[in-house]
Amino acid sequence: MVLAAGLGTRMRPLTEATPKPLLKLAGRTLLDHALDRIDAAGIGTVVVNAHWFPEQVEAVCAARPNPPRVLREEPIQETGGGMRDALPHLGGAPFLAVNGDAFWLDGPTPTIERLAATFRAGEMDALLLLVRAATVEGEVGRGDFLLDPLGRVRLPKEREISPYVYAGVQIVHPRLLEGAPDGPFGTMLLWKRAIEAGRLFGLVHDGAWFHLSRPIDLRKAETALATGLQRVLF
812 MVLAAGLGTR MRPLTEATPK PLLKLAGRTL LDHALDRIDA AGIGTVVVNA
862 HWFPEQVEAV CAARPNPPRV LREEPIQETG GGMRDALPHL GGAPFLAVNG
912 DAFWLDGPTP TIERLAATFR AGEMDALLLL VRAATVEGEV GRGDFLLDPL
962 GRVRLPKERE ISPYVYAGVQ IVHPRLLEGA PDGPFGTMLL WKRAIEAGRL
1012 FGLVHDGAWF HLSRPIDLRK AETALATGLQ RVLF
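Here the sequence shown is numbered in the working numbering, starting from 812 and rising by one per residue.
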């Protein structure tokens, strides 16, 4: 699944009439980059949700060789509600969920392949791709998570610095969404529950990742890619 229903408010004015996942980087939309990686991983059933100018998302998806199913979301359901509503179209097996604005470069092994090889369905409710906050250019606050020696994710305590940032890519077991509330809600609600059960895990990305929150982030990423600087980020 690609989560492409957000409003992209921090990316304005670029998103005033364009969904954030349809902004271009290196000549292709962010959504196309995500779908390219999903197709390369051999994933056959793909769902994209859309809310902000959904007809634009539908047009981009329809133009692809293997068009994904687009689910119009009205009203907007946030990340957790979006996954909940897409679940009937995804089957009963664990699935990949990618934020529509996530952009990364693979390390030696394709990132989706690494996640799939690491995921243990009996033990994990979700496996998050994480990036070391110290390697991220741009404002990421104090980071999102910490990892224990077994790869389990936990939240920071007060004044504790979190070394890892969520990269916008995860493998989700459907049981993560069991008992999910009605209406809009964020994925953090589900993650906190999984953390309490010791069932939320993380995998540290071994390639490059670009924080794309504001227009300046997009410009910096474009410059880095155009000049080949991505090589120094590995």
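Built from N, CA and C at the ideal position, the CB exists for glycine as well.
One alpha carbon belongs to R839, the other to A937, and they sit about 29 Å apart. For W915, the three-state secondary structure derived from DSSP is strand. Within the same chain, and ignoring the five residues on either side of G891 in sequence, the residues whose Cβ sits closer than 7 Å to its Cβ are A991, F996, G997, T998, L1000, L1001. Considering only G1009, V1015, T826, D847, the residue with the shortest C-alpha distance to E934 is G1009. K835 is bridged by DSSP to T840. Relative to the Cα of V871, the nearest Cα in the group L961, K835, V983 belongs to K835.
Under the 10 Å beta carbon count, G902 is surrounded by fewer than 16 other beta carbons and is classified as exposed. The beta carbon of I1006 is closer than 7 Å to those of V964, R965, L966 in its chain, skipping five residues each way along the sequence. Per DSSP, the continuous alpha helix (DSSP H) segment holding G892 begins and ends at 889–901. In the same chain as L1014, and ignoring 5 residues on each side of it, the C-beta atoms closer than 8 Å to its own belong to R925, L926, T929, L938, L939, L940, L941, G962, in chain order. A residue is called buried once 16 or more other Cβ atoms fall within 10 Å of its Cβ, and R848 is buried on that count. In this structure, the alpha-carbon of D1028 lies about 7 Å from that of H1022. For A928, the enclosing alpha helix (DSSP H) covers residues 922–929.
Segment contact: the stretch 875–885 against the stretch 851–867, three or more CB-CB distances shorter than 8 Å; contact assigned. In the structure shown, the three-state DSSP call for V871 is helix. The C-alpha of S1024 is placed about 11 Å away from the C-alpha of A1032. Just measuring C-alpha positions, the residue of V859, M822, E827 sitting nearest M812 is V859. Per DSSP, W1020 lies in no alpha helix (DSSP H) segment; the continuous beta strand (DSSP E) that holds it begins and ends at 1019–1021. Across the structure, L958 and R943 are spaced so that their CA atoms are roughly 11 Å apart. Counted as a single uninterrupted DSSP element, the beta strand (DSSP E) harbouring A978 occupies residues 975–983. Rounded to the nearest angstrom, the gap between the Cα atoms of A932 and F956 is 21 Å. Per the C-alpha coordinates, the member of A861, G853, T920, Q888 positioned closest to R880 is A861. With respect to G979, D912 sits close: the two C-beta atoms are nearer than 8 Å. A buried status is given to P905, since no fewer than 16 other beta-carbon atoms sit within 10 Å of its beta-carbon.
When the Cα atoms are used, A1037 and A837 turn out to be separated by approximately 7 Å.
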